[in-house]
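Numbering (this note's numbering), first residue to last: 577 to 763.
Yeah, the Cβ is synthetic: ideal placement off N, Cα and C, and Gly gets one too.
What follows is a single structure, written as structure tokens, with notes after it.
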């Protein structure tokens, strides 16, 4: 009689351990290794599409201090901590950064020195980006990840035929980018 209960209890404990391991896996991968997100908006044009790209960011480099100029990063917005923004690192601590106050109106610019423990981030589209030019240097601790891969889809309708082009691009600023494309015809 106790043997039957013992085997049922052992099976329940084994299943609970498997479930706990699975839950840990679900927590660790997106928070500490890598995650995907949809990026949309005009601030990173032409690097990222206006209508949305899926990007994959790894969450190890910033913890090891391996972020450098030119990297695309996911950053907790200093203006709205619930919002994650994608920007390019333009300056590291100690760098002197010159920037236009308003690129739409005139050529007045300012110079700023990035303080210790901070980075200067900007969107690739300076005409439509809310970045360090407006809220100053960003604490290094607000960096959430480094974007290394993007995937985007473009739908082209010509002659009553739809073609879905997909492109995958690994983003390594110092080495250039490698793009993989494929397409499917639907009609």
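Cβ-Cβ distance between residue i and residue j below 8 Å
i: residue 707; j: residue 620; result: no
i: residue 672; j: residue 624; result: no
i: residue 668; j: residue 690; result: yes
i: residue 666; j: residue 660; result: no
i: residue 628; j: residue 605; result: no
With 16 other Cβ atoms within 10 Å as the buried cut-off, status of residue i
i: residue 664; result: buried
i: residue 581; result: exposed
i: residue 697; result: buried
i: residue 670; result: exposed
i: residue 647; result: buried
i: residue 674; result: exposed
i: residue 590; result: exposed
i: residue 593; result: exposed
i: residue 649; result: buried
i: residue 640; result: exposed
i: residue 756; result: Summary for residue 756: the model assigns pLDDT 46, below 50, so the residue's position carries little reliability, and this model does not support an answer.
i: residue 736; result: Residue confidence for residue 736 is low, a pLDDT of 41 falling below 50, so the modelled location carries little weight; the figure read from the coordinates is stated next. Classification of residue 736: exposed, given that the 10 Å Cβ count is below 16.
i: residue 602; result: exposed
Selected residue, minimal CA-CA separation from residue i, among the options
i: residue 725; options: 685, 611, 666, 712; result: 611
i: residue 695; options: 712, 640, 704; result: 712
i: residue 685; options: 691, 693, 676; result: 676
i: residue 630; options: 643, 638, 616; result: 616
i: residue 638; options: 608, 627, 705; result: 608
i: residue 657; options: 715, 605, 594; result: 715
i: residue 626; options: 705, 746, 603, 688; result: 705
i: residue 654; options: 586, 710, 578, 599; result: 710
i: residue 727; options: 632, 717, 603; result: 632
Endpoints, the beta strand (DSSP E) within which residue i is located
i: residue 589; result: No beta strand (DSSP E) contains residue 589, which is instead part of the alpha helix (DSSP H) from 578-604.
i: residue 660; result: 660-667
i: residue 694; result: 694-698
i: residue 687; result: 685-689
i: residue 681; result: Counting along the chain, residue 681 falls outside any beta strand (DSSP E), and DSSP gives it neither H nor E.
i: residue 619; result: Note, residue 619: premise wrong, no beta strand (DSSP E); not H, not E.
i: residue 704; result: Residue 704 -> no beta strand (DSSP E), and no H or E assigned at all.
i: residue 650; result: 648-652
i: residue 631; result: 629-634
Residue interval of the alpha helix (DSSP H) (run including residue i)
i: residue 522; result: Because the chain here runs from 577 to 763, residue 522 falls outside it and cannot be looked at.
Counting Cβ pairs, one atom from each stretch, are 3 or more of them under 8 Å apart for the stretch 675-685 and the stretch 713-721?
By the Cβ rule, the stretch 675-685 does not count as touching the stretch 713-721, because fewer than three pairs are nearer than 8 Å.
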